[in-house]
Amino acid sequence: MSFEKRLKWEGCEGGGTELGRLGRSKKKKSERSGDQGKCHTAALHYRPGVFEEGAAGGQTGKVKGRVLADRTTDSVVRESHLRHGGERTKSDELRLGLNRENNSNNMWTVINLPEDSTKPLNPRRPVVPKPGRHRRPMRAPKTEKEKSAKRKRVVLTIFTVVVLLAILATAAFFIKQLIDSKYFFCKRSVRFIPLEQACDGKDDCAEGEDEITCLTSLTVNTTFPVRLMSARHVLQVYSPGSGWRSVCSDGWKQQHTEAACKKLGYTYKPRSSTVPVGDLIQSLKMGPFTAIRNELTSTPIHQATIDRSQCSSGSVVSLSCSDCGQVGSQDRIVGGTDAAIEDWPWQVSLQQGGQHVCGGSLVSPRWVITAAHCFAGSKKELSRWRVVSGRTYMGTLGGSYVDRIILNGEYDPERNDYDIALMRLSSPITVGASHRPVCMSPKAFGLPAGSSMVVTGWGYLEENGKVSPSLQKASVPLVDQAKCSSPAMYGHFITPRMICAGFLQGGVDACQGDSGGPLVHFKSSQWHLVGVVSWGVGCARERRPGVYCSVEEMLNWIHTVMEKNP
1 MSFEKRLKWE GCEGGGTELG RLGRSKKKKS ERSGDQGKCH TAALHYRPGV FEEGAAGGQT
61 GKVKGRVLAD RTTDSVVRES HLRHGGERTK SDELRLGLNR ENNSNNMWTV INLPEDSTKP
121 LNPRRPVVPK PGRHRRPMRA PKTEKEKSAK RKRVVLTIFT VVVLLAILAT AAFFIKQLID
181 SKYFFCKRSV RFIPLEQACD GKDDCAEGED EITCLTSLTV NTTFPVRLMS ARHVLQVYSP
241 GSGWRSVCSD GWKQQHTEAA CKKLGYTYKP RSSTVPVGDL IQSLKMGPFT AIRNELTSTP
301 IHQATIDRSQ CSSGSVVSLS CSDCGQVGSQ DRIVGGTDAA IEDWPWQVSL QQGGQHVCGG
361 SLVSPRWVIT AAHCFAGSKK ELSRWRVVSG RTYMGTLGGS YVDRIILNGE YDPERNDYDI
421 ALMRLSSPIT VGASHRPVCM SPKAFGLPAG SSMVVTGWGY LEENGKVSPS LQKASVPLVD
481 QAKCSSPAMY GHFITPRMIC AGFLQGGVDA CQGDSGGPLV HFKSSQWHLV GVVSWGVGCA
541 RERRPGVYCS VEEMLNWIHT VMEKNP
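No gaps in the numbering here: position 96 of the sequence shown is 96 in the UniProt record's numbering, and each next residue is one more.
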């Protein structure tokens, strides 16, 4: 910063007094007393280090010089060089401090001028940081290239983290699957035991933990007192004194329908209809009959009836206890074609350790029918099993937990006789387009040899082949029981609890992986479960049809299990 001041000096040679003043005032007055001699006036304009002279004693000229400060006396000595002739004037004497005249009337004022310094006149005061938040210094905005590079680094970092987490999760999943397939973890004693030692009848864990969640078996030696008869699903009840009797529709109400279906193990959408006696099969037309009592108490349905020689209404009760059968070695379909689960919504996959083991059939929202041989070896622990439903393509994620597995107590693993089991889901499935129970074939379903059947599953596509990734189906004919048990086929290995289906020339059959799956027949606008895939010699071999456990022969056992485990 620069500044300029005006210096004025007034003095007279001779008598009198002179008052000289130094400053910025616009006007300066001289007061004289006594004799006045020759007077001199000097006007001086200056900046720090540079000054100029105005008029002096009638002469005008310019003087440039350097200002030096005497720090001891605070006097100012000005040194200058005249640009005009070198003649010294009063102004020069003023600046150089050389006025030796004894004229006491002459006065001059000593001033302090700034040093010749590079320091600014008004220096900034140092900023002392105050406690608290401070505004961050502003930075230059980033270029688009820098922003793009930063975005790429962020995306790459996120991608790397996600990939690493996915790898760790996958590794953890497979490690757990491997451990679960080989060992049982005892929670109370905090140790692992070989899976073969779980559910072996011996307590290998503290407090017998390894024997708690195991499958069970049940043998039924009594007659279940309620059943459905023939393709018309005629309701019959049993009493030791009268045997089986068809129930007349006389006085029948919805509450009776619900009670009868509940006895059979069904609670989902029970409904009933009537069938004229004249439309019944010959063995049922002549009775005997029974009718429901007018009042219905807590008495079981089969005990709340009265015998009749004929029905007053001329019709009998037909039951449909669920919304079933409707659609909008041992196991896969050889010679079959791709299928959609919506066409076979009762088909399920039984999996252990994430691996498909067997097929199965939904017969109610909570019950699955399958084969007993699926649980051989170390497959007896309940927590290892999942029931995957509603999928066309084989999947391992999700699935329903199982809280009961009940094998037929008469199952013979050597002959595969009574090869049937029931699994109860921990919670019922939601019935829909891809989840729907199949109807169980009633007693005396009356299917002749050659009737068209359909078998479905994810089993091997060929003998010693691989499991199919998608659901398969194949149509096979029902084989006459006498022919299947002939020496030319299976001989005495065929029991009354078995049926055969397949082509005698081979080519189409169930195979490994299809075990426990359904063999169904379409009749009266519904699909009925006729058999459970059980066994066979090879897959689709000539004169070696597939062998299935007969559902009709197992109805007494099935209904007993479902009633005892609601």
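Where is the CB? At the ideal position from N, CA and C, for every residue including glycine.
Just tell me which of the options has its CA closest to the CA of residue i.
{"i": "serine 230", "options": "Ser189, Val275, Leu382 and Tyr418", "result": "Val275"}
{"i": "valine 479", "options": "Met453, Gly395, Asp307 and Gly287", "result": "Met453"}
{"i": "alanine 372", "options": "Gly241, Gly287, Gly360 and Ser451", "result": "Gly360"}
{"i": "glutamine 505", "options": "Ala488, Cys261, Lys379 and Lys380", "result": "Ala488"}
{"i": "proline 477", "options": "Gly399, Val520, Gly251 and Tyr418", "result": "Val520"}
{"i": "proline 469", "options": "Thr337, His233, Leu195 and Ser148", "result": "Thr337"}
{"i": "serine 315", "options": "Tyr490, Ile341 and Lys285", "result": "Lys285"}
{"i": "arginine 386", "options": "Pro413, Asp412 and His356", "result": "His356"}
{"i": "glutamate 342", "options": "Ser322, Tyr393 and Pro141", "result": "Tyr393"}
{"i": "serine 322", "options": "Arg153, Trp367 and His492", "result": "Trp367"}
{"i": "leucine 235", "options": "Ser273, Glu542, Ile558 and Ser451", "result": "Ser273"}
{"i": "phenylalanine 375", "options": "Asp412, Thr223 and Tyr548", "result": "Asp412"}
{"i": "serine 318", "options": "Tyr490, Leu168, Cys248 and Gly278", "result": "Cys248"}
{"i": "glycine 502", "options": "Tyr548, Ile494 and Ile193", "result": "Tyr548"}
{"i": "leucine 447", "options": "Glu414, Pro428, Val530 and His256", "result": "Val530"}
{"i": "glycine 450", "options": "Gln481, Arg424 and Phe224", "result": "Gln481"}
{"i": "alanine 259", "options": "Gly241, Asp279 and Ala304", "result": "Ala304"}
{"i": "phenylalanine 224", "options": "Glu207, Trp244 and Ala206", "result": "Trp244"}
{"i": "serine 242", "options": "Ser298, Gly287, Gln254 and Ser426", "result": "Gly287"}
{"i": "arginine 541", "options": "Tyr490, Gly278 and His559", "result": "Tyr490"}
{"i": "asparagine 556", "options": "Leu168, Gly201 and Val226", "result": "Val226"}
{"i": "serine 515", "options": "Gly459, His559 and Phe522", "result": "Gly459"}
{"i": "arginine 308", "options": "Asn221, Ser246 and Tyr268", "result": "Ser246"}
{"i": "arginine 188", "options": "Gly201, Trp252, Glu207 and Glu146", "result": "Glu207"}
{"i": "glycine 278", "options": "Gly201, Gln310, Tyr268 and Lys253", "result": "Gln310"}
{"i": "glycine 395", "options": "Phe445, Leu471 and Ser378", "result": "Leu471"}
Less than 8 Å between C-beta atoms, sequence neighbours within five positions excluded: which residues of the same chain meet that for residue i?
{"i": "leucine 382", "result": "Thr213, Cys214, Leu215, Val402, Asp403, Arg404 and Ile405"}
{"i": "glycine 353", "result": "Gln177, Asp180, Ser181 and Arg384"}
{"i": "valine 327", "result": "Glu342, Asp343, Trp344, Pro345, Arg436 and Trp527"}
{"i": "serine 312", "result": "Cys248, Asp250 and Ala291"}
{"i": "serine 104", "result": "Because the pLDDT at serine 104 is just 44, under 50, the model does not fix this residue reliably, and the value given afterwards should be weighed accordingly. Cβ within range, chain order: n/a, list empty."}
Taking all protein chains shown into account, do 16 or more other C-beta atoms lie within 10 angstroms of the C-beta of residue i, making it buried, or fewer, making it exposed?
{"i": "leucine 397", "result": "exposed"}
{"i": "residue 569", "result": "The question about residue 569 has no answer, for the chain in this structure spans 1 to 566."}
{"i": "lysine 466", "result": "exposed"}
{"i": "arginine 125", "result": "exposed"}
{"i": "residue 570", "result": "Past the boundaries of the shown model lies residue 570; the chain is included only from 1 to 566, so the question cannot be answered."}
{"i": "alanine 339", "result": "buried"}
{"i": "lysine 380", "result": "buried"}
{"i": "serine 534", "result": "buried"}
{"i": "valine 492", "result": "Per the sequence presented here, residue 492 reads as histidine, with valine not at that position. Burial call: exposed."}
{"i": "isoleucine 429", "result": "buried"}
{"i": "valine 161", "result": "exposed"}
{"i": "aspartate 417", "result": "buried"}
{"i": "proline 365", "result": "buried"}
{"i": "isoleucine 175", "result": "exposed"}
{"i": "valine 561", "result": "buried"}
Going along the chain, which residues of its own chain have a beta-carbon closer than 6 Å to the beta-carbon of residue i, five neighbours each way excluded?
{"i": "aspartate 210", "result": "Phe184, Ala198 and Asp204"}
{"i": "serine 217", "result": "Leu407 and Gly409"}
{"i": "residue 574", "result": "Residue 574 cannot be examined here, being either before or after the span of the chain that is shown, 1 to 566."}
{"i": "methionine 554", "result": "Ile420"}
{"i": "cysteine 261", "result": "Pro270 and Cys321"}
{"i": "methionine 423", "result": "Val368, Val402 and Ile405"}
{"i": "proline 566", "result": "none"}
{"i": "tyrosine 268", "result": "Ser322 and Pro365"}
Hey, residue i and residue j are a contact pair by Cβ (cut 8 Å); roughly how many whole angstroms apart?
{"i": "alanine 474", "j": "valine 431", "result": "With a Cβ gap of about 26 Å, alanine 474 and valine 431 do not count as contacting."}
{"i": "serine 349", "j": "valine 388", "result": "4 Å"}
{"i": "glycine 325", "j": "cysteine 439", "result": "4 Å"}
{"i": "valine 363", "j": "histidine 302", "result": "No, valine 363 and histidine 302 are not in contact; Cβ-Cβ is about 21 Å, not under 8 Å."}
{"i": "histidine 233", "j": "proline 442", "result": "6 Å"}
{"i": "residue 592", "j": "valine 532", "result": "This structure leaves residue 592 out entirely; the chain is present only between 1 and 566."}
{"i": "glutamine 282", "j": "threonine 456", "result": "Between threonine 456 and glutamine 282 the Cβ distance is about 34 Å, and since that is not below 8 Å, they are no contact."}
{"i": "leucine 195", "j": "serine 378", "result": "5 Å"}
Give me, in chain order, the residues of the same chain whose beta-carbon lies closer than 7 Å to that of residue i; leave out the 5 immediate sequence neighbours on both sides.
{"i": "isoleucine 306", "result": "Thr290, Ala291 and Arg293"}
{"i": "glutamate 563", "result": "Lys263 and Gly265"}
{"i": "threonine 219", "result": "Gly409 and Glu410"}
{"i": "arginine 391", "result": "Ile341"}
{"i": "isoleucine 193", "result": "Tyr183, Phe184, Cys186, Asp204, Cys205 and Asp210"}
{"i": "glycine 399", "result": "Gln351, Arg386, Val387 and Val388"}
Inset, instruction - Ignoring anything shorter than 3 residues or poking outside the region 475–517, list the beta strand (DSSP E) runs there in chain order. - result: 498–501
Legend entry - Sequence ranges, alpha helix (DSSP H) only - wholly within the region 244–321, length at least 4: 254–264 and 282–285
Legend entry - Ordered list of alpha helix (DSSP H) runs contained in the region 165–205, each at least 4 residues: none
Legend entry - Ranges of the beta strand (DSSP E) found wholly within the region 349–383, counting only runs of at least 3: 355–362 and 367–370
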